[in-house]
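Protein chains in written order, with the numbering used here: chain A, 1 to 114; chain B, 1 to 110.
Data first, discussion second: the structure below is written as structure tokens.
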Amino acid sequence: GAGVSQSPSNKVTEKGKDVELRCDPISGHTALYWYRQSLGQGLEFLIYFQGNSAPDKSGLPSDRFSAERTGGSVSTLTIQRTQQEDSAVYLCASSLGGANEKLFFGSGTQLSVL
Amino acid sequence: QKEVEQNSGPLSVPEGAIASLNCTYSDRGSQSFFWYRQYSGKSPELIMSIYSNGDKEDGRFTAQLNKASQYVSLLIRDSQPSDSATYLCARTHSNYQLIWGAGTKLIIKP
Chain A
1 GAGVSQSPSN
11 KVTEKGKDVE
21 LRCDPISGHT
31 ALYWYRQSLG
41 QGLEFLIYFQ
51 GNSAPDKSGL
61 PSDRFSAERT
71 GGSVSTLTIQ
81 RTQQEDSAVY
91 LCASSLGGAN
101 EKLFFGSGTQ
111 LSVL
Chain B
1 QKEVEQNSGP
11 LSVPEGAIAS
21 LNCTYSDRGS
31 QSFFWYRQYS
41 GKSPELIMSI
51 YSNGDKEDGR
61 FTAQLNKASQ
71 YVSLLIRDSQ
81 PSDSATYLCA
91 RTHSNYQLIW
101 GAGTKLIIKP
């Protein structure tokens with residue numbers, strides 16, 4: 001695709017429900033990142049995928065969070081048993097790989113947990 | 001202690017003036033630095049990257065890096081209302097990770 005695509009753009013859920021957020025990176029980009037951004041805050045790293053390597057999950061805040069990337073392309077971030085503190089914008093970014101490469105961000109998913 | 005520090009602002013600058021945004025960091029081993037611009041309700045986009053001490057210019061934007069003093073700056077000349085946004089500073093943490101500041105909100109007043 002022309003850019004990084006994320007869906008849904010907005011998600012309102014009730015506390016305790018599970019949610020799935022989807023990211024479709026730019027074709028050919030081997031690196032994929034998930035970040036979380038709370039209002040007025042910087043980007044909090046969640047997870048990183050690079051090609052077929054094992055993902056870096058060190059930023060996931062709890063075991064309620066998980067992510068997968070199928071076929072080296074589309075990624076899904078799953079949050080189980082959502083809590084109110086999970087409310088934030090979840091951003092996906094892709095790049096050609098390496099920290100010096102430009103990150104291309106999707107438009108994000110605004111998650112609101114009631 | 002945050003690893004990348006930015007003044008949250010808002011920084012208000014009159015149209016046509018120079019906007020100066022600053023960022024300090026704590027890791028002397030950091031090699032690369034980035035400025036991303038984020039409009040309200042939108043995603044970040046890369047404005048400038050800088051790897052060596054000194055200045056790097058791109059149009060109206062100049063990035064300045066001083067590794068000895070551990071700061072990086074972004075200057076915006078001839079500021080326009082369209083420059084009003086939050087500017088995020090980031091540095092490399094590993095060969096694939098970035099550490100991000102919380103951003104400085106810039107307001108250009110017509």
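All C-beta atoms, glycine included, are put in the ideal place defined by N, C-alpha and C.
All of these numbers come straight from a predicted model, not from anything done at the bench.
Inset, instruction - Could you check how far apart the C-beta atoms of residue 13 of chain A and residue 97 of chain A are, in whole angstroms? I think they sit under 8 Å. - result: The pair is not a contact, with the Cβ atoms about 33 Å apart (cut-off 8 Å).
Legend entry - At least 3 beta-carbon pairs within less than 8 Å: the stretch 10–30 of chain B vs the stretch 85–97 of chain A: no
Inset, instruction - Could you check if residue 60 of chain A is buried or exposed, using at least 16 other CB atoms within 10 Å of its CB as the buried criterion? - result: With 16 or more other Cβ atoms within 10 Å, it is buried.
Legend entry - Rounded separation between residue 43 of chain A and residue 93 of chain A - CA only: 11 Å
Inset, instruction - State yes or no: is the beta carbon of residue 44 of chain B nearer than 9 Å to at least one beta carbon in chain A? - result: Judged by the 9 Å Cβ criterion, residue 44 of chain B is in contact with chain A.
Inset, instruction - In angstroms with no decimal places, state the Cα-to-Cα distance between residue 10 of chain B and residue 54 of chain B. - result: 26 Å
Inset, instruction - Compare the Cα-Cα distances from residue 33 of chain A to each of A:39, A:22 and A:111 and report the closest residue. - result: A:22
Legend entry - Member of A:78, A:73, A:27 and A:5 whose CA lies at the smallest distance from the CA of residue 67 of chain A: Looking at the Cα atoms, A:78 is the closest of the given residues.
Inset, instruction - Would you tell me roughly how many angstroms separate the C-alpha atoms of residue 70 of chain A and residue 2 of chain A, rounded to the nearest one? - result: Whole-angstrom Cα-Cα distance: 20 Å.
Inset, instruction - Take the Cβ of residue 81 of chain B as the centre, count every other Cβ of all protein chains shown within 10 Å, and call the residue buried at 16 or more, exposed below. - result: exposed
Legend entry - Of the residues B:106, B:97 and B:89, the one placed nearest residue 6 of chain B, counting alpha carbons only: B:89
Inset, instruction - Mind checking who residue 73 of chain B pairs with in its DSSP beta bridge? - result: B:22 and B:64
Legend entry - Where residue 117 of chain A falls, given that 16 or more other Cβ within 10 Å makes a residue buried: Lying before the first or after the last residue shown, residue 117 of chain A is absent from chain A, which here runs from 1 to 114.
Legend entry - Euclidean distance between Cα positions of residue 63 of chain A and residue 93 of chain B: 24 Å
Inset, instruction - Determine the burial state of residue 31 of chain B: buried for a count of at least 16 other Cβ atoms within 10 Å of its Cβ, exposed for fewer. - result: Exposed, since its Cβ has fewer than 16 Cβ neighbours within 10 Å.
Inset, instruction - Determine, using beta carbons only, whether residue 48 of chain A comes closer than 9 Å to chain B. - result: Yes, residue 48 of chain A lies at the interface with chain B (some Cβ there is under 9 Å from its Cβ).
Inset, instruction - Inspect the beta-carbon positions of residue 43 of chain B and residue 106 of chain A and report whether they are closer than 9 Å. - result: A Cβ-Cβ contact shorter than 9 Å links residue 43 of chain B with residue 106 of chain A.
Inset, instruction - Identify, in the order they occur along the chain, each residue of the same chain with its Cβ nearer than 6 Å to the Cβ of residue 16 of chain A, setting aside the five sequence neighbours on each side. - result: 81
Inset, instruction - Determine, using beta carbons only, whether residue 41 of chain A comes closer than 9 Å to chain B. - result: Yes, because at least one Cβ of chain B sits closer than 9 Å to the Cβ of residue 41 of chain A.
Legend entry - Three-way DSSP call (helix, strand, coil) for residue 18 of chain A in this model: DSSP, reduced to helix, strand and coil, places residue 18 of chain A outside both helices and strands of the structure shown, so it counts as coil.
Legend entry - C-beta neighbour in chain B for residue 2 of chain A, strict 9 Å: no
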